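Numbering-wise (the numbering used here), the sequence shown opens with residue 285 and increments by one.
Take a look at the structure set out below.
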Amino acid sequence: MISAVILSKNNASTIQRTLVSVAWCDEIICIDDFSSDRTAGIVRKNKADVLQRHLNDDFAAQRNFGLENARGEWILFVDSDEVVSRELKEEILEKITNHNFQITKKSQISNTNTTSGFYIKRKDFFLGRELRHGETAHVTLLRLAKRGAGIWKRPVHEYWDINGTTDTLENPLLHYPHTDVAQFITEINRYTTINAHYLNKNGVRSNLFAIVAYPAGKFFQNYFLRLGFLDNTPGCIMAILMSFHSFLTRAKLFILNRML
């Protein structure tokens with residue numbers, strides 16, 4: 285049995301596509317941060333369960349709540365702006381079927397598959413174009429794992445810390461974030477606030493050098509070293525926005541440092 289867990293907050297414009305892409309899962313759970321739009325209704329219309337819980341600026345805790353409530357032997361995390369492609373679906377089912385068969389026939393098979401989780405590559409689309417270069421084109425996330433394999437950590441830019449071996453799937457998760465620049469800026473303003481508080485709590489300091497150097501380095505890395513310029517105008521805009529993300533984090537961290 286496989287459970288799909290989706291986090292949501294006012295995602296009525298994107299979540300239908302996400303739900304359709306995981307309709308093959310045995311269970312679909314949506315952990316909703318008390319959406320004020322039609323998100324919860326859309327989820328229920330797709331015969332998925334809605335569990336409401338305040339995010340409280342902690343994405344790891346939200347995902348762990350999903351882990352606690354999912355019943356599947358395997359758990360797949362998908363965000364409300366992501367789509368599981370048909371190829372990825374088939375690969376997941378094949379991997380899980382083979383894994384379960386090998387565990388069942390353990391006494392007859394010498395090379396038993398003991399994989400606890402799978403990393404999934406993510407393919408980003410921005411302003412109607414697939415981004416083949418830059419930071420977002422190199423994202424691989426641990427999103428599929430066995431029940432009880434581990435927990436999520438870090439309130440933002442969270443990661444699934446699991447025990448056991450992992451593997452990487454070949455087919456990608458499709459990501460359609462930020463329908464426009466305004467939405468992007470709204471989201472990174474929220475994420476950078478959470479991240480700055482986390483860094484400050486853990487003793488990280490910011491200064492003038494960091495406020496200038498981190499954003500400049502981020503742009504140079506994304507646009508030149510990772511060839512973001514090959515994605516034309518969307519690639520340039522993305523490199524600038526990621527640089528701005530870095531600036532906001534360091535600037536907010538500097539302010540928090542001074543409040544100590």
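Idealized CB from N, CA, C, for every residue including glycine.
A quick note: this is a predicted structure, and the numbers were derived from the prediction, not measured.
Measure from the C-beta of residue i to each C-beta in chain C and report whether the shortest distance is under 8 Å.
i: Phe409; result: Protein chain content of the structure displayed is limited to a single chain, and chain C is not contained in it.
Taking only three categories from DSSP, how would you classify residue i?
i: Ala481; result: The amino acid occupying residue 481 in the given sequence is His; Ala does not appear at that position. Here His481 sits in helix by DSSP.
i: Cys309; result: coil
i: Arg413; result: strand
i: Val327; result: helix
i: Gly434; result: strand
i: Thr517; result: helix
i: Thr476; result: helix
i: Thr298; result: coil
i: Thr470; result: helix
i: Thr450; result: strand
Based on the DSSP output, what are the partners of residue i in its beta bridges?
i: Lys405; result: Thr424
i: Asp363; result: Leu291
i: Leu458; result: Val367, Lys407
i: Ala429; result: Ile359, Gly401
i: Val334; result: Cys314
i: Asp445; result: Ile435
Report yes if the CB atom of residue i is closer than 8 Å to the CB atom of residue j, and no otherwise.
i: Lys437; j: Thr477; result: no
i: Ser287; j: Ile315; result: no
i: Met285; j: Glu419; result: no
i: Val362; j: Thr302; result: yes
Enumerate in chain order the residues of its own chain whose CB-to-CB distance from residue i is below 6 Å, with the five nearest sequence positions on each side excluded.
i: Lys389; result: Since pLDDT at Lys389 reaches only 42, below the 50 mark, its modelled position is unreliable, and the value read off the structure follows with that caveat. Cβ neighbours of Lys389 beyond the five flanking positions: none.
i: Ile248; result: In the structure as shown, the chain begins at 285 and stops at 544. Residue 248 is therefore absent and cannot be evaluated.
i: Leu339; result: Asp317, Gln346
Would you kindly work out how many angstroms separate the C-alpha atoms of residue i and residue j, rounded to a whole number?
i: His545; j: Glu374; result: Not covered by the structure: residue 545. The range shown for the chain is 285 to 544.
i: Phe402; j: Pro456; result: 12 Å
i: Thr399; j: Ile359; result: 14 Å
i: Phe424; j: Ile376; result: The identity of residue 424 in the sequence shown is Thr, whereas the question assumes Phe. Cα to Cα, Thr424 sits roughly 15 Å from Ile376.
i: Ala410; j: Tyr507; result: Looking at the sequence shown, residue 410 is not Ala but Phe. The alpha-carbon atoms of Phe410 and Tyr507 are separated by roughly 15 Å.
i: Glu311; j: Tyr475; result: 29 Å
Can you name, in chain order, every residue of its own chain whose Cβ lies under 7 Å from the Cβ of residue i, other than the five neighbours on each side?
i: Arg413; result: Asp515, Pro518
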